[in-house]
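Data block below; observations after.
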Amino acid sequence: MRIKKTVIAITIVAITCLYYFFNPAEFHFGLPCLFKGITSWDCWGCGGQRAFHQLLHGNFREAFQLNALVFPVTLILAYVAVSDLFMQELPSYKFLKKRPVQISTIIAVASFTILRNVLE
Amino acid sequence: MLNYTFAGFGNRLVAQIIDTIIVSFAVSLIAFPIFGFGIFTSAMNGNESAGLFAGLALLPIMLFAFVGPVVYEVLMLSSPRQATIGKILMKIKVVDEQGTRLTLGGAIGRTLIKYLSVNFCFLLWLWPLFNDKEQALHDIVVKDFVIRDQVI
Numbered sequence: 020m021r022i023k024k025t026v027i028a029i030t031i032v033a034i035t036c037l038y039y040f041f042n043p044a045e046f047h048f049g050l051p052c053l054f055k056g057i058t059s060w061d062c063w064g065c066g067g068q069r070a071f072h073q074l075l076h077g078n079f080r081e082a083f084q085l086n087a088l089v090f091p092v093t094l095i096l097a098y099v100a101v102s103d104l105f106m107q108e109l110p111s112y113k114f115l116k117k118r119p120v121q122i123s124t125i126i127a128v129a130s131f132t133i134l135r136n137v138l139e
Numbered sequence: 009m010l011n012y013t014f015a016g017f018g019n020r021l022v023a024q025i026i027d028t029i030i031v032s033f034a035v036s037l038i039a040f041p042i043f044g045f046g047i048f049t050s051a052m053n054g055n056e057s058a059g060l061f062a063g064l065a066l067l068p069i070m071l072f073a074f075v076g077p078v079v080y081e082v083l084m085l086s087s088p089r090q091a092t093i094g095k096i097l098m099k100i101k102v103v104d105e106q107g108t109r110l111t112l113g114g115a116i117g118r119t120l121i122k123y124l125s126v127n128f129c130f131l132l133w134l135w136p137l138f139n140d141k142e143q144a145l146h147d148i149v150v151k152d153f154v155i156r157d158q159v160i
């Protein structure tokens, strides 16, 4: 699957360059969050793009403050990218599909979303 | 139905990227001439009506930018190929619970939920990674599956 690996590699480079050189706080790209638009609460993903920009610049504290989920999400996406690029033909990501992981993820995302709005 | 191999998150992601490029290119083909005409008339006349025309030209572009991808995906998924161009290239397709082609209604529902959910949060697109049957939110609602295009 040469197409798949080429597209993944180009996408990783393009997205990394985009978020490294352009700060989403100054250059508004991407879609506005409907959840925030309707409820005025931050969703679990709000601030994620700005956090990723800070993460790429090594500003971990700022990244954490903008959206703490940027760390696990980046790790998961890196794991997916490495698996699809270098490891198996059709990775199944069985680890992520285990019941304890599913439940922990839901609890973590829900708790984060509630806490970030309550503690704001 | 489940004698099939699921598509795989990577294949679905790459198919979506290819489709986004195709649709963006198609939208650009329509948008650029209109923008160019608006800028040209503004430069020639330099009055407010030309500016208004350029502004009004944005409306159909914005409408097309939203409706275009939805129409493209609905028509492709409900076609005999059961896949968008990106999915065809990745050798994957969308089937319903019986393993057959999605109905037009199913394809419309799936596509609308897909684009609505990404507007709520793009992280919802990571759902298939955690789902046993690799279903995203829109797949769960419409009860469909994305599978490899050949029986293993």
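Read top to bottom, the protein sequences are chains A and B.
Numbering of the first sequence is given in the working numbering, commencing with residue 20 and proceeding in unit increments.
Numbering of the second sequence is given in the working numbering, commencing with residue 9 and proceeding in unit increments.
Glycine included, C-beta positions come from ideal geometry on N, C-alpha and C.
C-beta atoms of B/Arg156 and B/Lys99 nearer than 8 Å: In this structure, B/Arg156 places its C-beta atom within 8 Å of the C-beta atom of B/Lys99.
The segment 67-86 of chain B in contact with the segment 31-39 of chain B per 3-pair CB rule at 8 Å: They touch, by the three-pair rule.
Pairwise C-alpha distance: B/Leu110 and B/Leu124: Taking the CA atoms as reference points, B/Leu124 sits about 19 Å from B/Leu110.
Residues near B/Arg89 by beta carbon distance below 8 Å, same chain, minus five either side: Cβ neighbours of B/Arg89 beyond the five flanking positions: Ile96, Lys101.
Listed by chain order, chain A residues near B/Asp140 by CB distance under 7 Å: Against chain A, the beta carbon of B/Asp140 has neighbours under 7 Å at Lys116, listed in chain order.
Cα-Cα separation between B/Asn139 and A/Gln84, rounded to whole angstroms: Pairing B/Asn139 with A/Gln84, the inter-Cα distance amounts to about 29 Å.
B/Phe130 vs B/Phe14 beta-carbon contact at 8 Å: Not closer than 8 Å, so no.
B/Arg109 - DSSP class collapsed to helix/strand/coil: In the three-state DSSP reduction, B/Arg109 falls in the coil class, being neither helix nor strand.
Touching by the beta-carbon criterion (3+ pairs, under 8 Å), the segment 112-126 of chain A and the segment 69-77 of chain B: With a cut-off of 8 Å on Cβ pairs, the segment 112-126 of chain A is not in contact with the segment 69-77 of chain B, counting fewer than three such pairs.
Proximal residues of chain B, C-beta to C-beta of A/Gly64 below 7 Å: Near A/Gly64 (Cβ distances below 7 Å), the residues of chain B are Cys129, Phe130, Leu131.
Other residues of its chain near B/Leu145: CB distance less than 6 Å, five sequence neighbours each side excluded: Closer than 6 Å at Cβ, skipping near neighbours: Ser125, Leu132, Trp135.
Contact under 8 Å by Cβ, B/Ile116 with B/Asp27: Contact check for B/Ile116 against B/Asp27 fails: the beta carbons are separated by 8 Å or more.
Contact set between the segment 120-137 of chain A and chain B, restricted to residues whose Cβ is under 9 Å from the partner: Cβ contacts with chain B: Val120, Gln121, Thr124, Ile125, Val128.
is_contact[A/Val99, chain B] using C-beta, thresh 8 Å: Cβ-Cβ to chain B under 8 Å: yes for A/Val99.
Three-state secondary structure assigned by DSSP to B/Lys101: Correct three-state label for B/Lys101: strand.
Any chain B beta carbon closer than 8 Å to A/Cys36: Taking a beta-carbon distance threshold of 8 Å, A/Cys36 does not count as an interface residue toward chain B.
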